[in-house]
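No gaps in the numbering here: position 106 of the sequence shown is 106 in UniProt numbering, and each next residue is one more. Here is the structure we will look at.
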Amino acid sequence: MVRKIGHVLALLALVVVQLLTLVSAFLCLVLCFGLGMVFLFPPQVRMIRWVTGMTRYLVRSSSGIVIEPPYLPKPPPPQPQPDGLYRSHRTLYKTPRMPAWNDRWKWMLTDPATWRDGFWLLLDPGVKMVLLPLLILLPGRGLRVYGLWCELLLAATASSRMAGQLSSLNRARNLAVDTQAAEMRRIERDLHDGTQARLVALGMTIGAAEQLMESDPKAARALMAKAREASAETLTELRRVIRGIHPPVLAERGLGDAVRALAMDSALKVSVQVELTHRPEAPVEAAAYFAVSELLSNAARHGGAESVEIDISTSGANLRITVTDDGWGGADPSKGSGLTGIERRLAAFDGVMAIHSPAGGPTTVTLELPKVLPQHWAGDVAKLPRWKLATVIALYGTAWCPLFPQGVVAGIFKLVGFDEKAWFLALHLPDAWQWPCIAFMILLGTAMYATAVAIPAHHKDHPLAPRNPLEGVGFC
Numbered sequence: 001m002v003r004k005i006g007h008v009l010a011l012l013a014l015v016v017v018q019l020l021t022l023v024s025a026f027l028c029l030v031l032c033f034g035l036g037m038v039f040l041f042p043p044q045v046r047m048i049r050w051v052t053g054m055t056r057y058l059v060r061s062s063s064g065i066v067i068e069p070p071y072l073p074k075p076p077p078p079q080p081q082p083d084g085l086y087r088s089h090r091t092l093y094k095t096p097r098m099p100a101w102n103d104r105w106k107w108m109l110t111d112p113a114t115w116r117d118g119f120w121l122l123l124d125p126g127v128k129m130v131l132l133p134l135l136i137l138l139p140g141r142g143l144r145v146y147g148l149w150c151e152l153l154l155a156a157t158a159s160s161r162m163a164g165q166l167s168s169l170n171r172a173r174n175l176a177v178d179t180q181a182a183e184m185r186r187i188e189r190d191l192h193d194g195t196q197a198r199l200v201a202l203g204m205t206i207g208a209a210e211q212l213m214e215s216d217p218k219a220a221r222a223l224m225a226k227a228r229e230a231s232a233e234t235l236t237e238l239r240r241v242i243r244g245i246h247p248p249v250l251a252e253r254g255l256g257d258a259v260r261a262l263a264m265d266s267a268l269k270v271s272v273q274v275e276l277t278h279r280p281e282a283p284v285e286a287a288a289y290f291a292v293s294e295l296l297s298n299a300a301r302h303g304g305a306e307s308v309e310i311d312i313s314t315s316g317a318n319l320r321i322t323v324t325d326d327g328w329g330g331a332d333p334s335k336g337s338g339l340t341g342i343e344r345r346l347a348a349f350d351g352v353m354a355i356h357s358p359a360g361g362p363t364t365v366t367l368e369l370p371k372v373l374p375q376h377w378a379g380d381v382a383k384l385p386r387w388k389l390a391t392v393i394a395l396y397g398t399a400w401c402p403l404f405p406q407g408v409v410a411g412i413f414k415l416v417g418f419d420e421k422a423w424f425l426a427l428h429l430p431d432a433w434q435w436p437c438i439a440f441m442i443l444l445g446t447a448m449y450a451t452a453v454a455i456p457a458h459h460k461d462h463p464l465a466p467r468n469p470l471e472g473v474g475f476c
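Here you go:
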């Protein structure tokens with residue numbers, strides 16, 4: 001109770017900030033579109049978004065209603081043309097500062113969420129004053145109602161979600177293309193510097209042996225022996241290149257055994273724990289395998305580690321890999337290490353990487369690939385017992401009767417003054433009981449609908465109920 005009251009006081013205290021922001025927003029609009037001081041618009045929008053962000057945080061912590069930000073994705077940074085200049089509409093600039101500012105200004109101005117935030121800011125102080133008695137007398141219910149009001153205007157829309165998903169897909173596609181190009185360059189380099197050079201040397205050795213075959217058979221035999229050794233080395237080199245493209249053990253025996261083979265070949269002391277009932281798809285296995293391989297290489301070459309622990313597990317339909325080494329820490333993807341390549345590999349599958357690497361170690365890297373495992377075995381979706389299912393069906397099937405005919409329609413008849421009583425129960429009662437009966441019918445129908453929604457939701461969130469494995473798993 002005390003905590004709820006604290007949340008109510010925090011929301012009421014935010015009214016002062018909202019009023020100041022509202023006044024400054026009005027002045028900003030006058031100066032921007034009246035006097036042309038357009039440079040004031042972006043900071044004003046950021047101020048309003050800070051207020052709405054704080055409100056979303058307070059609503060989530062007080063009522064449990066999670067309101068996703070509805071803003072469109074930020075515009076990408078300007079890219080230079082072949083001549084090194086940056087274009088913004090029909091104007092060319094030597095630096096990207098002005099094109100970036102223009103894109104940011106247009107992004108804020110054309111985003112519908114910007115104006116929805118302003119409309120919410122205009123109405124929200126009045127809504128709080130209307131809800132003030134409910135917030136004081138029943139803070140829990142009041143915070144819930146206030147959260148639903150904020151969700152109405154501040155929640156993400158279908159278009160903003162679609163735009164965010166499209167932006168995420170574009171980034172993943174670009175990263176996948178870059179990763180593929182880098183892999184092709186690596187394969188070409190390995191073939192050119194290793195296998196190709198060995199094959200050229202092998203051909204020259206055989207050619208020299210052919211010339212000495214009649215004049216000096218002993219020297220020719222020596223050259224052929226050397227050619228045989230070179231062919232064996234070339235075969236070994238080719239196998240190494242093939243393992244770099246897609247290891248045969250990965251294709252034949254799966255991710256767990258492939259990582260165990262990596263551990264056996266590593267100079268470090270590596271322990272591997274695998275809890276993987278079913279195999280993911282081949283591209284997912286390849287991405288996870290090469291990510292683990294890169295982490296082992298980093299631990300040996302850059303981390304000064306002596307031992308590494310690898311844990312491969314599942315969380316519903318998600319694949320989770322944790323690699324911990326006892327090196328001196330300090331791993332940072334921004335320094336251009338192989339960690340950036342791992343992020344690119346995982347991005348193609350919406351995967352994420354979390355690094356905890358304090359100075360002095362140890363380093364823990366957690367990789368998570370969401371919804372990449374076969375979903376038919378990941379777990380049973382929470383199912384309602386039969387009596388609960390029957391109750392929900394009965395509530396949905398009968399709640400319309402007290403809510404609409406006996407409640408709303410009867411109230412309209414009462415207001416308009418129709419003499420027809422028909423089958424409306426309230427209109428057959430004495431005048432003093434008609435409005436209380438109508439209000440009771442409306443509340444009864446609403447409560448029945450609310451109960452029909454609450455029963456599945458409560459069963460789904462119950463700690464003893466089986467969880468739906470298809471839901472996202474929180475990841476830090």
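For every residue, glycine included, the Cβ atom is placed at its ideal position computed from N, Cα and C. Just so you know, these numbers come straight off a predicted model, no measurement behind them.
Alpha carbon to alpha carbon, how far is residue i from residue j?
i, j, result
"E68", "A156", "5 angstroms"
"V416", "W433", "18 angstroms"
"G330", "S357", "5 angstroms"
"F475", "R144", "With a pLDDT of only 34 at F475, under the threshold of 50, the placement of this residue in the model should not be trusted; the figure read from the coordinates follows. Cα to Cα, the separation comes out at about 27 angstroms."
"L276", "D325", "22 angstroms"
"G34", "P125", "27 angstroms"
"G102", "L319", "Note on residue identity: the sequence assigns Asn, not Gly, to residue 102. Those two C-alpha atoms are separated by around 42 angstroms."
"L296", "M54", "42 angstroms"
"V8", "P283", "51 angstroms"
"G450", "I412", "Checking the sequence shown, residue 450 turns out to be Ala, not Gly. Each residue's Cα considered, the two are about 23 angstroms apart."
"E471", "K371", "With a pLDDT of only 36 at E471, under the threshold of 50, the placement of this residue in the model should not be trusted, and no figure is reported."
"P99", "G84", "13 angstroms"
"S62", "L395", "29 angstroms"
"W57", "G304", "A small fix is needed here, since residue 57 is Tyr in this sequence, not Trp. Roughly 42 angstroms separates the two Cα atoms."
"L131", "L22", "20 angstroms"
"P430", "T391", "33 angstroms"
"R198", "L250", "27 angstroms"
"W435", "M108", "49 angstroms"
"C437", "T446", "14 angstroms"
"D193", "R185", "12 angstroms"
Alpha helix (DSSP H) containing residue i: first to last residue?
i, result
"Y146", "P139 to L154"
"Y289", "A282 to R301"
Tell me which same chain residues have a C-beta within less than 7 angstroms of the C-beta of residue i, skipping the five on either side of it?
i, result
"A201", "A230"
"H376", "Low confidence applies here, because H376 scores a pLDDT of 45, under 50, leaving its location unreliable and the question unanswered by this model."
"R49", "D117"
"L134", "R141, G142 and V145"
"G360", "W328 and G329"
"I442", "L403, G407 and V408"
"A232", "none"
"T195", "T234, E237, L238 and V241"
Going by DSSP in three states, residue i sits in which element: helix, strand or coil?
i, result
"residue 495", "Because the chain in this structure spans residues 1 to 476, residue 495 falls outside the shown range and cannot be described."
"A394", "helix"
"R87", "strand"
"S307", "strand"
"S215", "coil"
"Y57", "helix"
"L373", "coil"
"S167", "helix"
"Y93", "strand"
"P247", "coil"
"residue 481", "This structure cannot settle anything about residue 481, because the visible part of the chain is limited to 1 through 476."
"T157", "coil"
"T314", "strand"
"A348", "coil"
"D431", "helix"
"K128", "helix"
"P76", "coil"
Between which two residues does the beta strand (DSSP E) harbouring residue i extend?
i, result
"V274", "K269 to V274"
"L29", "Taken as a continuous stretch (DSSP letters only), L29 belongs to no beta strand (DSSP E), being part of the alpha helix (DSSP H) at V2 to L35."
"V365", "T363 to L369"
"I67", "Where I67 is concerned, there is no enclosing beta strand (DSSP E), given that its DSSP letter is neither H nor E."
"D419", "D419 -> no beta strand (DSSP E), and no H or E assigned at all."
"V323", "N318 to D325"
Near residue i, which residues of its chain fall below 6 angstroms by C-beta distance, leaving aside the five closest residues on each side in sequence?
i, result
"C401", "none"
"T366", "T322 and A354"
"M448", "L395 and A399"
"I5", "P139"
"P463", "Unreliable placement is indicated for P463, whose pLDDT of 40 sits below 50; the coordinate value is still reported in the next sentence. None."
Could you pull out every residue in the same chain whose Cβ sits closer than 8 angstroms to the Cβ of residue i, ignoring the five residues on either side in sequence?
i, result
"L346", "A287, A291, V352, M353, L367 and L369"
Taking 8 angstroms as the CB-CB limit, is residue i close to chain C?
i, result
"V292", "No chain C appears in this structure, which consists of one protein chain only."
Would you say the stretch 28-46 touches the stretch 73-80, given that touching needs at least three Cβ pairs under 8 angstroms? Here the stretch 28-46 makes no contact with the stretch 73-80; the two share fewer than three CB pairs at distances below 8 angstroms.
Could you tell me whether the stretch 266-274 touches the stretch 306-314, where touching means 3 or more Cβ pairs closer than 8 angstroms? Put simply, the stretch 266-274 touches the stretch 306-314. At least three CB pairs are less than 8 angstroms apart.
Take every Cβ of the stretch 423-430, pair it with every Cβ of the stretch 402-409, and state whether three or more of those distances are shorter than 8 angstroms. Judged by Cβ distances under 8 angstroms, the stretch 423-430 makes contact with the stretch 402-409, as three or more pairs qualify.
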